[in-house]
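At position 44 of the sequence shown (counting the first as 1) the number is 138 in this note's numbering, and the numbers step up by one without a gap.
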Amino acid sequence: MVRFTADEMYALAEEIETRGNRFYAAASERVADAETRGLLQELAKWENEHFRFFHELREQLPPEASRKEESEEADEDHAAYLQAMVQDRMFPADVNAAFAAMPDASPVSMLEYALQREKDVIVFFLTMRDLIPRHWGREKLDAILTEEARHVRIITQQLGKRAARS
Numbered sequence: 095m096v097r098f099t100a101d102e103m104y105a106l107a108e109e110i111e112t113r114g115n116r117f118y119a120a121a122s123e124r125v126a127d128a129e130t131r132g133l134l135q136e137l138a139k140w141e142n143e144h145f146r147f148f149h150e151l152r153e154q155l156p157p158e159a160s161r162k163e164e165s166e167e168a169d170e171d172h173a174a175y176l177q178a179m180v181q182d183r184m185f186p187a188d189v190n191a192a193f194a195a196m197p198d199a200s201p202v203s204m205l206e207y208a209l210q211r212e213k214d215v216i217v218f219f220l221t222m223r224d225l226i227p228r229h230w231g232r233e234k235l236d237a238i239l240t241e242e243a244r245h246v247r248i249i250t251q252q253l254g255k256r257a258a259r260s
């Protein structure tokens with residue numbers, strides 16, 4: 095049975111934010127369009143801030159948050175889903191794999207790729223929030239969910255601007 099402790103789930107969140115930061119930083123270097131480059135640089139910065147948020151949450155966890163029996167609220171389906179999301183749907187560990195998955199290196203392709211990843215991150219964090227015990231920071235995840243939803247809105251607006259210009 096696959097189960098995660100609160101500490102392990104926050105570590106997964108740190109990994110997602112690290113990968114997102116790497117993707118956005120690398121993507122910003124590949125885009126000639128100044129407006130898109132600026133947005134990608136901002137997204138990289140925000141992902142780094144989210145990493146720090148999760149790192150601080152992990153540091154505040156008591157030692158018992160690392161014991162497997164503390165994840166009894168988690169069911170096997172949710173835990174397996176989280177693991178699959180990190181491995182298959184989020185920003186890949188190898189940034190070049192992300193670029194290879196895109197139809198081309200255009201700003202639109204990069205923004206569409208980013209938009210889908212941000213949506214996946216929201217679903218991941220919603221699932222994770224349901225598995226974290228209340229006394230170990232569950233309510234604090236709402237702030238990150240609001241931020242991730244803002245990322246989706248900003249990327250969607252940028253795509254809309256580009257479509258209107260076409």
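Virtual Cβ for every residue (Gly too), placed ideally from N, Cα, C.
Threonine 240 burial status per 10 Å Cβ neighbour count (16 or more: buried): exposed
With the cut-off set at 8 Å, would you say tyrosine 175 and glutamate 141 are in Cβ contact? no
Any chance the region 126-136 sits against the region 149-157, with 3 or more Cβ pairs inside 8 Å? no
If we ignore side chains and look at the alpha-carbon of each, how far apart do arginine 183 and arginine 232 end up? 23 Å
How should proline 197 be labelled, buried or exposed, when 16 other C-beta atoms within 10 angstroms of its C-beta is the threshold for buried? exposed
So isoleucine 216 and alanine 243 are supposed to be a Cβ contact under 8 Å. How far apart are they, rounded? 6 Å
Going by the C-beta, is glycine 132 closer than 7 Å to any heavy atom of the ligand FMN? This structure lacks the ligand FMN, and indeed carries no ligand of any kind.
Would you call the region 218-229 in contact with the region 185-193, where contact means no fewer than 3 C-beta pairs closer than 8 Å? no
If you count every other CB in all the chains shown that lies within 10 Å of the CB of leucine 106, and 16 or more means buried, which is it? buried
How far does the alpha helix (DSSP H) with aspartate 214 in it extend, from its first residue to its last? 201-225
Checking 8 Å against the spacing of the C-beta atoms, do proline 201 and arginine 256 come in under that value? yes
Distance check for arginine 131 and alanine 208, CA to CA, integer angstroms please. 13 Å
Helix or strand or just coil, what does DSSP make of serine 160? helix
Going along the chain, which residues of its own chain have a beta-carbon closer than 7 Å to the beta-carbon of valine 125, five neighbours each way excluded? Arg131, Leu134, Pro201 and Met204
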